[in-house]
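Per my numbering, residue 939 is the first one in the sequence shown, and the count goes up by one each step. Positions of the beta carbon are idealized from the N, C-alpha and C atoms, including for glycine. All values reported here derive from a predicted model rather than from experimental measurement. The structure appears right after this line, and notes come after that.
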Amino acid sequence: MKIPNIKIAVDGYSSTGKSTFARLLSKELDLLYLDSGALYRGVTFFAQQRGLISADNQISEQLEK
939 MKIPNIKIAV DGYSSTGKST FARLLSKELD LLYLDSGALY RGVTFFAQQR
989 GLISADNQIS EQLEK
């Protein structure tokens, strides 16, 4: 059986229940839930730990390598 390639994006204002809705929807439809905010925070943490973010919060040229 072919697995469908389904992507659903939930967008909206802050504190409106987007994450809650997305988690419930993914569970109901048996789909993977991907929290993009957590991914962005993870990348930022990685860059900070390695000194790749300068004092003015701009990603340094090292990330381009």
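ask   = What span of residues does the alpha helix (DSSP H) with residue 958 cover, start to end?
value = 956-967
key: Given residue 972 as reference, the closest of 983, 982, 958, 984 once Cα atoms are compared   = 958
inquiry  = Quick check on the DSSP output: the alpha helix (DSSP H) that includes residue 985 runs from which residue to which?
reply    = 974-987
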